[in-house]
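Right, one structure below, let's go through it.
2 protein chains.
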Amino acid sequence: MTFADQKWSPSEKKVARNAYDAALKVALDKTMADLKSKAHAAATPSEMWDVEDFLRQQRRKIDQLFDYRYSQLIEVFAGLIRQGYLDENLLVGLSEDKRQMVWKYASWNGR
Amino acid sequence: MTFADQKWSPSEKKVARNAYDAALKVALDKTMADLKSKAHAAATPSEMWDVEDFLRQQRRKIDQLFDYRYSQLIEVFAGLIRQGYLDENLLVGLSEDKRQMVWKYASWNGR
């Protein structure tokens, strides 16, 4: 069975949406805190341009990580857990096989 | 006579270098102050990404404005005066014709 074949029940979709939104908030809040800290500490032109590089990389990373298509969501959740953006407990309510797949992907790719 | 034909005496080169470096410092200091203020004030993801756009535009603008080739320097100084980065008084020591050309360019293109 591929991810694309998986069925998501209405209650699973709700759990998934909440988990996804919570992880996005964590990622954005962390980026915001890092931005403020880096901008505050910047003392040289080079450190100033580093802030631009940091923001560009974060924007790209967030764009790549967050993809709310049900066919992608297992891998997306695994990636978010690996990045520390998603608390696994927020996935309670998904079917056991989905959670095991997320866990397996999160563990595999983390090595 | 084109700019490329102009001769710069050793003492003019010294004046030009000092004026150029002072203007670059003004431009970088202003960008740094704006960065710190925008980052401090940012409250939404959109305002956070605006900081990236601001820095990218400033970096490009500064790259384009600052060009220390003697064949370009008259126009460069005119542009820096228009942008408020260069104090005209720092050009005292350049020949009268050079200063008049800078002044003419700064006035023309500013309209």
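The listed protein sequences correspond, in order, to chains G and D. Under the working numbering, the first residue of the first sequence carries the number 573, and numbering increases by one thereafter. Under the working numbering, the first residue of the second sequence carries the number 573, and numbering increases by one thereafter. Beta carbons are placed, not taken as given, at the ideal position from N, Cα and C, and that holds for glycine.
* Asked: Does DSSP put Leu666 of chain D in a helix, in a strand, or in coil?
  -> Counting from 1 along the second sequence, the entry for residue 666 of chain D is found at position 94. Here Leu666 of chain D sits in strand by DSSP.
* To do: Report the rounded CA-to-CA distance for Asn590 of chain D versus Glu660 of chain D, giving the unit in angstroms.
  => For the purposes of this step, residue 590 of chain D is taken as residue 18 along the second sequence, with counting starting at 1. For the purposes of this step, residue 660 of chain D is taken as residue 88 along the second sequence, with counting starting at 1. Asn590 of chain D and Glu660 of chain D: Cα-Cα distance of roughly 12 Å.
* With Gly651 of chain D as the anchor, note down where its alpha helix (DSSP H) starts and where it stops. => As a first step, residue 651 of chain D must be located in the second sequence, where it is residue number 79. Per DSSP, Gly651 of chain D belongs to the alpha helix (DSSP H) from Leu645 to Arg654.
* If you compare alpha carbons, which of D:Trp680, D:Ala678 and D:Glu668 is closest to Gln578 of chain D? -> Locating residue 578 of chain D in the second sequence gives position 6, where the first residue counts as 1. Taking only the C-alpha atoms, the option nearest Gln578 of chain D is D:Glu668.
* Under a three-way DSSP split, which group does Ala614 of chain G fall into? -> For the purposes of this step, residue 614 of chain G is taken as residue 42 along the first sequence, with counting starting at 1. Coil, per DSSP.
* Mapping DSSP to helix, strand and coil, what is Trp675 of chain D? -> For this step, residue 675 of chain D is matched to residue 103 along the second sequence. Trp675 of chain D: helix per DSSP, three-state reduction.
* **Under 8 Å from the C-beta of Lys608 of chain G: neighbouring residues of chain D** => Indexing the first sequence from 1 puts residue 608 of chain G at position 36. Near Lys608 of chain G (Cβ distances below 8 Å), the residues of chain D are Ala611, His612 and Ala614.
* Asked: What do you reckon, are the CB atoms on Ala611 of chain G and Lys610 of chain D nearer than 9 Å?
  -> Your numbering for residue 611 of chain G matches position 39 in the first sequence. Your numbering for residue 610 of chain D matches position 38 in the second sequence. It is a contact, given that the beta carbons lie within the stated cut-off.
* Closer than 9 Å, CB to CB, is Leu637 of chain D near chain G or not? -> Position 65 of the second sequence, counted from the first residue, corresponds to residue 637 of chain D. Look at Leu637 of chain D: its C-beta is not under 9 Å from any C-beta on chain G.
* Can you tell which of G:Leu607, G:Gly665 and G:Ala650 has the C-alpha that lies nearest to the C-alpha of Tyr677 of chain G? -> Numbered from its first residue, the first sequence carries residue 677 of chain G at position 105. Residue G:Ala650 is the option with its Cα nearest to Tyr677 of chain G.
* Do we get a CB-CB distance below 9 Å when we pair Val623 of chain D with the residues of chain G? -> Here the question's residue 623 of chain D lines up with position 51 in the second sequence. Yes, because at least one Cβ of chain G sits closer than 9 Å to the Cβ of Val623 of chain D.
* Close beta carbons around Val598 of chain D, own chain, < 6 Å, minus the five adjacent residues each side -> Counting from 1 along the second sequence, the entry for residue 598 of chain D is found at position 26. Around Val598 of chain D: Tyr657.
* Under a CB-based cut-off of 9 Å, is Met604 of chain G close to chain D? -> For the purposes of this step, residue 604 of chain G is taken as residue 32 along the first sequence, with counting starting at 1. Yes, because at least one Cβ of chain D sits closer than 9 Å to the Cβ of Met604 of chain G.
* To do: Using only the heavy atoms of the ligand FMN, determine whether one of them is closer than 8 Å to the beta carbon of Pro617 of chain G.
  => Annotation note on the ligand FMN: not contained in the displayed structure, which lists no ligands.
* Using the beta-carbon count (16 or more within 10 Å), is Val664 of chain D buried or exposed? -> As a first step, residue 664 of chain D is located in the second sequence; it is residue number 92 there, counting from the start. Looking at its Cβ environment, which holds fewer than 16 other Cβ atoms inside 10 Å, Val664 of chain D is exposed.
* Closer than 9 Å to chain G by CB, Pro582 of chain D -> As a working note, residue 582 of chain D is residue 10 in the second sequence. Taking Cβ atoms only, chain G never reaches closer than 9 Å to Pro582 of chain D, which makes this a no.
* Taking the CB atoms as reference points, tell me whether Leu666 of chain G and Ala588 of chain G lie closer together than 9 Å. => Residue numbering aside, residue 666 of chain G sits at position 94 when the first sequence is read from its first letter. Residue numbering aside, residue 588 of chain G sits at position 16 when the first sequence is read from its first letter. For Leu666 of chain G and Ala588 of chain G, yes; Cβs fall inside 9 Å.
* So what does DSSP say about Ser609 of chain D, is it helix, strand or coil? -> On the second sequence, residue 609 of chain D is found 37 positions in, with the first residue counted as 1. It is helical.
* My guess is that Phe638 of chain G and Leu596 of chain G are in contact by the Cβ rule of under 8 Å, so how many angstroms apart are they, rounded? -> The sequence position of residue 638 of chain G within the first sequence is 66, counting from 1. The sequence position of residue 596 of chain G within the first sequence is 24, counting from 1. At roughly 6 Å, the Cβ-Cβ gap stays under 8 Å, so Phe638 of chain G and Leu596 of chain G are in contact.
* Identify the contact partners of Arg628 of chain G in chain D, using a Cβ-Cβ distance below 7 Å as the criterion. => Mapped onto the first sequence, residue 628 of chain G falls at position 56. Residues of chain D passing the Cβ test: Glu624.
* Listed in chain order, which residues of the segment 659 to 677 of chain G have Cβ atoms closer than 7 Å to some Cβ of chain D? -> none
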